[in-house]
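First to last, the protein sequences are chains A and B.
If you're matching positions, the first sequence starts at 3 in the numbering used here and goes up one per residue.
If you're matching positions, the second sequence starts at 22 in the numbering used here and goes up one per residue.
By construction, the Cβ of each residue, glycine as well, lies at the ideal position given by its N, Cα and C atoms.
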Amino acid sequence: KQEVTQIPAALSVPEGENLVLNCSFTDSAIYNLQWFRQDPGKGLTSLLLIQSSQREQTSGRLNASLDKSSGRSTLYIAASQPGDSATYLCAVRPGTNAGKSTFGDGTTLTVKP
Amino acid sequence: NAGVTQTPKFQVLKTGQSMTLQCAQDMNHEYMSWYRQDPGMGLRLIHYSVGAGITDQGEVPNGYNVSRSTTEDFPLRLLSAAPSQTSVYFCASSLTGGWPQHFGDGTRLSIL
């Protein structure tokens with residue numbers, strides 16, 4: 003059974019700092035990995051999708067990397083802003099059944115002005 | 022283009038009542054899924070579908086039924102509501118498994 007872990011559960015940083023969020027998974031036979039942002043009381047917004055054949059994806063100040071063999075992904079946020087404060091979740095889809103997804107519990111990020 | 026639409030946004034039920042949570046998407050996506058999110062936790066997959074007429078169980082299917090008669094709609098039925106089903110329910114869709122999932126705004130369900 004796939005298990006997805008996100009460490010740390012919460013993170014507080016001053017504005018302007020570069021930071022890394024971690025996502026690890028136990029079964030490396032994945033189809034893809036997706037990072038989401040969730041604001042309090044809201045739904046999930048897709049940030050980046052990395053296919054299993056890719057090493058990284060970039061969008062603006064966000065960069066996500068994937069090391070499938072070691073079961074790890076990182077989300078790098080450059081020059082953090084108070085508006086980046088949210089919960090960040092990662093989800094993996096298995097290679098054998100891409101209809102399924104397994105989510106981590108998320109990292110709650112607070113960026114202080 | 023509305024994306025993924027969930028109704029209702031809020032609902033309070035009594036134990037033993039039944040109800041249907043609606044989910045519709047207008048993006049012609051083949052894959053649709055239902056998740057529940059409990060406080061401080063990630064999302065857990067209830068049921069999913071890879072196309073009209075095809076459904077399968079996820080991680081926590083007990084107490085829930087689904088059907089997929091059209092590409093657009095994927096309703097979730099609670100057969101006999103229990104307090105343990107108090108949660109926020111999210112519906113998601115994607116073109117196929119290789120494409121990003123898009124989420125609705127959620128339904129906040131309380132069972133008394």
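In angstroms with no decimal places, state the Cα-to-Cα distance between residue i and residue j.
i	j	result
Q40(A)	L49(A)	10 Å
M48(B)	Q38(B)	32 Å
S30(A)	S72(A)	7 Å
G74(B)	S88(B)	7 Å
Q43(B)	R57(A)	37 Å
F105(A)	G118(B)	15 Å
T28(A)	E5(A)	6 Å
H123(B)	C112(B)	8 Å
A102(B)	K35(B)	7 Å
In terms of DSSP beta bridges, what is residue i paired with?
i	result
L51(A)	Q36(A)
T41(B)	R98(B)
W55(B)	H68(B) and C112(B)
A93(A)	Q36(A) and F105(A)
E17(A)	In the DSSP output, where bridge partners are listed per residue, E17(A) has none listed.
L133(B)	For L133(B), which the question treats as bridged, DSSP gives no partner whatsoever.
S26(A)	T7(A) and R74(A)
N69(A)	A small fix is needed here, since residue 69(A) is Asp in this sequence, not Asn. Per DSSP, R74(A).
E80(B)	For E80(B), which the question treats as bridged, DSSP gives no partner whatsoever.
State buried or exposed for residue i, treating a residue as buried only when at least 16 other CB atoms are found within 10 Å of its CB.
i	result
G127(B)	buried
L68(A)	buried
L100(B)	exposed
I9(A)	exposed
**Request:** Mind checking the stretch 88 to 104 of chain A against chain B and listing, in chain order, the residues whose C-beta falls within less than 7 Å of any C-beta there?
**Result:** L91, R95, A100, G101, K102 and S103
**Message:** Output needed in chain order: residues of the stretch 44 to 77 of chain B with a Cβ under 8 Å from some Cβ in chain A.
**Reply:** Y52, S54, Y56, G61, M62, G63, L64, R65, L66, Y69, S70, V71 and D77
**Asked** Given a limit of 8 Å on CB to CB distance, which residues of the stretch 47 to 60 of chain A reach chain B?
**Response** T47, S48, L51 and Q53
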